[in-house]
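Below you'll find the structure, written out as structure tokens, and then a few comments.
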Amino acid sequence: LLYSFFTVLFMHFASISTAQTTDCLHFREQCINAANGCESVWNVVEDVCNISVLGNRCKAEDAIGCNRIIQVLADEYPEFKNCVCTTDDFCSITTLLGKQCGINKDDISIETKLQWSLSALSKQAYTANRTCLDLNKECVEDEICNKQLSLYLKVCSVNKKCNIEECQAALRFFYQNMPFEVAQRITFCDCIEPDESCHRAKELLHGKPCAVTAVPPPSCLSVIHMCEENRLCRKKYTTFRSKCWRHVTKKCYDDEACLETLIKGDMPCSANADCKAAYISNWGTMLRVECTCQNLPPREQPLCKLFHHMLHSKSCFS
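Counted the way mature numbering (1 follows the signal peptide of the UniProt record, and there is no 0) counts, the sequence shown spans residues -19 to -1, 1 to 299.
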């Protein structure tokens, strides 16, 4: 496997000439058009290092992971060595781009992303209305998907005492590293008939019960407040609101008439790809914990119902 070539490398700042950059662009085009697996590696380079055009400022969130995939590219396709490696065989994204990178550490695993790029499921186009039982079967039969599913289920097993934080982290890792098309299929799967096997598969794929069930269930207002106090959750919630519910402004939160209008109108959201990605990104966070509006005073009910709809209704995507 490609990830077996990894060696730990660190950021290195070097400049490259215009000629080198031109060569890199030429090799990039050859790589994308070749039918030898090079395109798959290059796609991971662009994804992990967060670049789309050579010469742009590198925004790699994981500098070490980014440099690892650059090393793989150079090892597997030596024509890139002049672009990505210095004379002493040190290979890095900054050598490729010739610019300093802004780095934010993240826990996304480059090895896992590379494995997913080799999965047959990552090549399938998204189709709606798939049953969770079918998707569970497809995942189990796919070596890469089954491996990642097994890691997640090992942490969230119904046969052991549930640790909700550990299970959420495992669920988050499962979803955030798989290709978007695969994540869409699994996230939006459902059970058309009252099929017990299908519902059991759906619960497993969607983190139930461990990652989403708290006893007693919190109010949806509490979930939002707790999320806003957590850096990771707050970032995901902000993105989710901006991508899916931009028209739901905080001005409306204190206006009961405004809230009632939104709720009664089954408020629409922007169900585009960015919105779906933001929704999927919530999985494995407290935003997916099943919440309730019961036992709240009447004045808090409208805002609570609004939050419940935003977090748990799939009418937006149907």
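Every residue gets a Cβ at the ideal spot worked out from N, C-alpha and C, and that includes glycine.
Secondary structure at Asp171: strand, using DSSP grouped into helix, strand and coil. Ranking Ala55, Asn263, Val53 by CA distance to the CA of Ala192 puts Asn263 first.
Beta-carbon to beta-carbon, Ala109 and Phe154 are separated by about 25 angstroms, too far to satisfy the 8 angstroms threshold. DSSP places Leu268 in no alpha helix (DSSP H); its state is neither H nor E.
For Arg280, there is no enclosing alpha helix (DSSP H), as DSSP gives it neither H nor E. Three or more beta-carbon pairs separated by less than 8 angstroms link the region 248 to 260 to the region 221 to 236, which places the two stretches in contact. In this structure, the beta-carbon distance from Cys285 to Cys274 falls below 8 angstroms. A direct Cα-to-Cα measurement between Arg215 and Gln149 gives close to 16 angstroms. When DSSP states are grouped into helix, strand and coil, Ser251 belongs to the coil group.
Closest in C-alpha terms to Ala151, from the list Asn17, Ala15, Ser131, Asn63, comes Ser131.
Looking only at Pro197, Leu95, Cys30, the smallest Cα-Cα distance to Asn48 is reached by Cys30. In this structure, Arg9 is the residue among Asp171, Pro283, Arg9, Ser251 with its C-alpha nearest to the C-alpha of Asn63. Burial check for Gln105: the Cβ neighbour count within 10 Å stays below 16, so the residue is exposed.
The C-alpha of Glu281 is placed about 28 angstroms away from the C-alpha of Glu146. Bounds of the alpha helix (DSSP H) holding His206 are 201 to 209. The continuous alpha helix (DSSP H) containing Ser223 extends over residues 212 to 225. Taking the CA atoms as reference points, Cys12 sits about 29 angstroms from Arg166.
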